[in-house]
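There are 2 protein chains.
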Amino acid sequence: MQLLIQLLYLYPTMLKQIFDQYLQDSNYSQKEPQELYEPLDYMLSLGGKRIRPLSVLIACSLFSDNIKQALPAAYAVELFHNFSLIHDDIMDNSDIRRGKPTVHKKWDENTAILSGDAMFVYAYEHLSKLPPAVLPAALMAFNEAAIGVCEGQQKDINFEKRLANSVTTEEYIDMIELKTSILIYGAMKIGALVGGASQEDAERVGLFGKNLGIAFQLQDDYLDTFGDTAKVGKRIGGDILQNKKTYLVIKALELAEEASKVELIDWLTHQVSLEQEQAKIDKVTALFHQLEIPKELQTAIKKYNDLALENLAAIELSDEKKKPLLDLLHQLMEREY
Amino acid sequence: MQLLIQLLYLYPTMLKQIFDQYLQDSNYSQKEPQELYEPLDYMLSLGGKRIRPLSVLIACSLFSDNIKQALPAAYAVELFHNFSLIHDDIMDNSDIRRGKPTVHKKWDENTAILSGDAMFVYAYEHLSKLPPAVLPAALMAFNEAAIGVCEGQQKDINFEKRLANSVTTEEYIDMIELKTSILIYGAMKIGALVGGASQEDAERVGLFGKNLGIAFQLQDDYLDTFGDTAKVGKRIGGDILQNKKTYLVIKALELAEEASKVELIDWLTHQVSLEQEQAKIDKVTALFHQLEIPKELQTAIKKYNDLALENLAAIELSDEKKKPLLDLLHQLMEREY
């Protein structure tokens with residue numbers, strides 16, 4: 001068994017296969033009314049990296065050979081994540097998710113609201129299957145993450161209504177911490193608890209996930225503007241065209257002198273015609289380089305990486321046992337897409 | 338203490354006061370971002386009969402003198418109910434709730450979606466405060482009720498798209514069982530569990546609540562058409578004017594001969610002008626009387642009342658202990674509003 005777990009460490013794709021199998025077996029095709037349940041299967045079939053459920057399983061595997069006991073929790077976290085995507089897509093008026101129509105586009109808004117709600121209940125239903133001994137602590141971590149995700153989405157909505165130069169990088173980090181990384185915190189903490197970790201170690205594993213999540217999100221911002229199209233697999237500069245208030249923009253407005261600031265705000269408060277798109281991307285990117293934003297962003301990413309490494313060091317396990325978390329960190333940080 | 342509980346039995350308004358105090362103390366005015374939390378306090382301040390949280394407290398009081406231990410569960414059930422109202426109001430396009438603008442009218446749809454979601458998480462957060470010994474069973478009952486409410490809302494939406502004469506009374510009862518009474522089932526079962534009831538007794542108390550809930554909903558249908566305006570406090574015939582597919586309509590279409598059926602369908606598929614409203618109400622009500630619908634409906638109400646009494650009889654408590662449930666049943670059934 002121990003050997004198998006070692007192999008799993010080496011092949012995180014195997015963990016993903018175990019999870020995907022569980023996800024397939026838990027489909028809603030037999031449930032009625034089908035108008036309510038079809039969108040659940042549709043949304044879950046769109047795929048994705050499954051970072052959150054894998055975080056649950058990896059965290060569990062640090063403390064226990066019995067990874068399967070964490071599958072209901074992994075599934076609960078993935079359900080919650082997908083529920084929040086369904087509702088966010090309505091709020092953000094997004095038509096496409098992973099190359100397919102979003103639920104409210106394929107069906108309608110009412111279906112997206114209600115099917116999302118049902119998915120949310122099923123998240124708790126699966127979480128409730130955890131052993132009674134870990135249930136209260138796991139629920140508490142899950143609730144904290146779920147509330148954080150709602151607060152993060154509201155803060156994101158509030159940001160979009162504010163002028164970019166009125167938002168600070170601290171506020172931006174607080175927002176992505178809530179909107180994205182608090183669920184990785186919850187996922188890792190719950191996985192560790194299910195594996196039998198002490199409360200203290202579970203908290204450390206969770207904090208590792210939180211800091212890794214922030215670094216991951218900041219790297220997303222980096223790659224969208226400074227990445228390599230061939231590797232990222234989509235057009236570079238999408239955030240700039242969408243006038244998104246990323247870390248890059250906020251930091252640039254903090255550092256820029258008056259003339260550059262006015263120019264940047266002008267670019268980022270207007271839509272451009274199709275012919276002008278590349279010129280806008282080039283111009284804004286040049287401004288970012290001038291202000292040394294790539295270096296600033298790398299410093300910020302390193303800060304959260306280092307915090308994650310500190311959390312890792314504090315976990316009371318042998319270095320060999322901790323290796324999967326270190327591998328995960330390297331894998332996510334060295335990615336170029 | 339026992340005397341106090343007896344007094345509480347006699348004065349359910351006192352239970353409501355205890356609950357309302359808890360609700361006031363649990364407000365969200367200190368939480369950020371306030372755009373997310375203001376609608377929660379607004380919605381909860383609109384009042385209501387608080388039947389669901391009172392069901393939790395009454396069920397708990399059957400088995401324990403310590404009613405306060407059930408307050409987090411009572412609050413969780415009320416939060417879930419209000420969350421479902423916020424989202425239902427979007428789906429049903431309702432502008433007014435308890436005489437005030439609905440959340441999506443006072444703010445906007447995105448706010449109503451996201452604040453509803455946050456309210457939903459807080460329902461689980463408060464439920465999670467229950468003693469670990471009853472938590473798994475209470476969660477299971479809550480999840481079952483929550484899923485039922487979502488399925489019931491979807492079935493209601495489906496009904497509205499179907500022709501009235503294609504819906505059976507069995508399907509209608511199934512829909513109101515899910516949409517309304519399954520939450521009273523969950524409320525009573527959870528309250529009994531918190532009070533220390535056996536699984537069997539908790540289930541019986543829950544089933545009592547479920548059957549009472551169905552009878553209650555059918556009586557709502559009855560009073561809306563056959564009630565007394567002065568007592569009901571609103572215009573009689575509102576359901577008829579809104580062409581609602583109530584038990585009355587469905588039963589009438591089951592019983593009517595071809596000519597009456599055609600006439601009824603004609604009335605119920607058209608909106609009438611203001612001047613014709615009373616004529617429509619009078620004509621449809623006369624048709625109902627002709628088909629003896631009041632008697633049919635009273636028979637159906639009695640059926641669920643009797644089932645509730647059977648559930649009550651099976652609970653392993655003295656008659657004296659069961660009295661609050663019997664009082665509740667009489668109170669709800671003898672109401673004329």
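Chains P and Y, in that order, give the protein sequences. Our numbering numbers the first residue of the first sequence as 1 and each following residue consecutively. Our numbering numbers the first residue of the second sequence as 338 and each following residue consecutively. We put the beta carbon where it would ideally sit given N, CA and C, even for glycine. Nothing here was measured: the structure is a model prediction, and the numbers come from that model.
Next on the checklist: At the 7 Å Cβ level, is HIS87/P part of the contact set with chain Y, yes or no?
Outcome noted: yes
Item to check | Interface positions of the stretch 388-407 of chain Y facing chain P (Cβ-Cβ less than 8 Å), listed along the chain | outcome: none
Item to check | Proximal residues, the stretch 484-508 of chain Y versus chain P, C-beta separation under 9 Å | outcome: For the stretch 484-508 of chain Y, which is checked against every Cβ of chain P, the residues closer than 9 Å are ILE484, VAL486, CYS487, GLU488, GLN490, GLN491, LYS492, ILE494, ASN495.
Checklist entry - Do you know whose CA, among GLU369/Y, ASP565/Y, GLN491/Y, lies nearest GLY148/P's CA? => result GLU369/Y
Checklist entry - Based on the DSSP output, what are the partners of LYS100/P in its beta bridges? => result ARG97/P
Item to check | Near-chain P residues of the stretch 465-479 of chain Y (beta-carbon distance less than 7 Å), N- to C-terminal order | outcome: SER465, PRO469, LEU472, PRO473, LEU476, MET477
Item to check | Residue closest to ASP224/P, alpha-carbon to alpha-carbon, out of THR13/P, ILE182/P, LYS244/P, GLY213/P | outcome: LYS244/P
Item to check | Residue-chain proximity (TYR461/Y, chain P), Cβ-Cβ < 7 Å | outcome: Yes, TYR461/Y counts as interfacial toward chain P.
Item to check | Alpha carbon of LEU654/Y to alpha carbon of LEU634/Y, nearest angstrom | outcome: 32 Å
Checklist entry - Can you name, in chain order, every residue of its own chain whose Cβ lies under 6 Å from the Cβ of ASN165/P, other than the five neighbours on each side? => result Around ASN165/P: LEU253.
Checklist entry - How about ASN27/P: is its C-beta nearer than 7 Å to some C-beta of chain Y? => result no
Next on the checklist: Cβ closer than 8 Å: which chain P residues qualify as neighbours of LEU381/Y?
Outcome noted: Those within 8 Å of LEU381/Y in chain P number zero; the least Cβ separation is about 17 Å.
Checklist entry - Is ARG541/Y helix, strand or coil by DSSP? => result DSSP places ARG541/Y in helix when its eight states are reduced to three.
Next on the checklist: For a minimum of 4 consecutive residues, which ranges assigned as the alpha helix (DSSP H) are wholly contained in the stretch 189-270 of chain P?
Outcome noted: 199-226, 229-232, 238-241, 247-255, 258-268
Next on the checklist: Would GLU35/P pass as an interface residue toward chain Y - the criterion being a Cβ-Cβ separation below 7 Å?
Outcome noted: yes
Item to check | Three-state secondary structure assigned by DSSP to GLN371/Y | outcome: Three-state result, GLN371/Y: helix.
Item to check | Pair within 7 Å by beta-carbon distance, LYS251/P and ILE293/P | outcome: yes
Next on the checklist: Is the separation between the beta-carbon of GLY523/Y and that of ALA478/Y shorter than 7 Å?
Outcome noted: yes
Item to check | Stretch pair the stretch 442-456 of chain Y + the stretch 492-500 of chain Y: three plus CB contacts closer than 8 Å | outcome: no
Item to check | Beta-carbon separation (whole angstroms), SER366/Y vs ASP357/Y, contact threshold 8 Å | outcome: At roughly 16 Å, the Cβ-Cβ gap does not stay under 8 Å, so SER366/Y and ASP357/Y are not in contact.
Checklist entry - Ends of the alpha helix (DSSP H) at PRO324/P? => result 319-334
Item to check | Residues near ILE652/Y by beta carbon distance below 7 Å, same chain, minus five either side | outcome: ASP538, ARG541, VAL542, LYS659
Next on the checklist: Tell me which residues of the stretch 447-458 of chain Y have at least one Cβ-Cβ distance to chain P shorter than 7 Å, keeping chain order.
Outcome noted: Those would be ASN447, ILE450, LEU451, ASP454, ALA455, PHE457, VAL458, in chain order.
Checklist entry - Listed from N- to C-terminal order along the chain, which residues in the stretch 575-593 of chain Y have their beta-carbon within a distance smaller than 9 Å of any beta-carbon of chain P? => result none
Checklist entry - Within 10 angstroms of its Cβ, does LYS280/P collect 16 or more other Cβ (buried), or is it exposed? => result Buried is the call here.
Checklist entry - Does MET428/Y get closer than 7 Å to chain P when you measure Cβ to Cβ? => result yes
Checklist entry - MET175/P and GLY196/P: beta carbons closer than 7 Å? => result no
Next on the checklist: For a quick check, are the C-beta atoms of PHE553/Y and LEU669/Y less than 7 Å apart?
Outcome noted: yes
Checklist entry - Can you name, in chain order, every residue of its own chain whose Cβ lies under 7 Å from the Cβ of LEU44/P, other than the five neighbours on each side? => result Correct list, in chain order: LEU23, ASN82.
Checklist entry - In or out: GLU257/P buried (at least 16 other Cβ within 10 Å) or exposed? => result It is exposed - the Cβ of GLU257/P has fewer than 16 other Cβ atoms within 10 Å.
Next on the checklist: Whole angstroms are fine: how far does the CA of LYS466/Y sit from the CA of LEU135/P?
Outcome noted: 11 Å
Item to check | Pick from LYS620/Y, ILE404/Y, GLY575/Y that is closest to LEU682/Y, judged by C-alpha positions | outcome: With chain Y running from 338 to 674 in the structure shown, residue 682/Y is simply not present.
Next on the checklist: Whole angstroms are fine: how far does the CA of PRO72/P sit from the CA of SER26/P?
Outcome noted: 10 Å
Next on the checklist: My parser needs the alpha helix (DSSP H) runs of 4 or more residues fully inside the stretch 393-481 of chain Y; what are they?
Outcome noted: 408-429, 440-443, 446-464
Checklist entry - Which of the three DSSP states, helix, strand or coil, is assigned to THR350/Y? => result helix
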